[in-house]
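Numbering (this note's numbering), first residue to last: 4 to 167.
Dropping the structure here:
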């Protein structure tokens with residue numbers, strides 16, 4: 004059985020993320036979507052909320068060979084734990100390749116895990132979690148950029164930010 008890992012911060016998960024995850028699921032027996040917790044970042048959503056949002060979005064799409072988890076450690080350690088031999092990363096046109104290539108080389112050295120790059124769908128390549136949060140903070144409509152289940156949670160998180 005071939006197991007792949009799709010890591011990311013997913014803060015929040017976007018339509019672009021889901022597209023890459025679903026396409027990845029066509030090629031591998033099992034796909035682990037892993038919320039990577041980075042102590043140096045302050046996410047909008049908690050680790051648990053991000054995992055639940057992804058689960059809900061994937062349930063709505065009837066994805067069966069996908070598991071959702073989180074880790075605070077190295078992605079390569081997670082790969083070893085579940086027996087994954089490949090990490091799948093989506094790439095947009097904005098320089099993602101340069102940033103991801105170094106990590107791919109380190110991951111291969113640490114755990115003999117290969118990285119597969121999937122190009123973003125052309126109609127989604129402009130979407131990132133950062134852009135979604137920025138548009139929402141300024142009152143813009145993020146419909147279609149994120150799963151529908153994210154929109155009310157995004158509004159709630161932004162209201163909490165204003166109160167803080």
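Where is the CB? At the ideal position from N, CA and C, for every residue including glycine.
Counting along the chain, residue 122 sits inside the beta strand (DSSP E) bounded by residues 117 to 122.
For secondary structure counted as the alpha helix (DSSP H) over 4 or more consecutive residues, the region 27 to 83 holds these complete runs in sequence order: 50 to 63. Beta-bridge partners assigned by DSSP to residue 94: 122. Going by beta carbons, residue 36 and residue 74 fall outside the 9 Å limit. DSSP places residue 130 in no beta strand (DSSP E); its state is neither H nor E. Between residue 19 and residue 111, the CB-CB gap reaches or exceeds 9 Å. When C-beta atoms of the region 53 to 64 are compared with those of the region 7 to 18, three or more pairs fall below 8 Å, so the two segments count as touching. In the DSSP annotation of this structure, the continuous segment of the beta strand (DSSP E) that includes residue 7 starts and ends at 6 to 11. In this structure, DSSP gives residue 145 a state outside helix and strand, which the three-state scheme calls coil. Annotation for residue 99: the continuous alpha helix (DSSP H) segment containing it runs 99 to 114. In the three-state reduction of the DSSP assignment, residue 85 falls in the helix class, which pools H, G and I. Going by DSSP, residue 155 is part of the alpha helix (DSSP H) stretching over 153 to 166.
Distance check between residue 133 and each of 116, 149, 124, 122 places 149 closest, using alpha-carbon atoms only.
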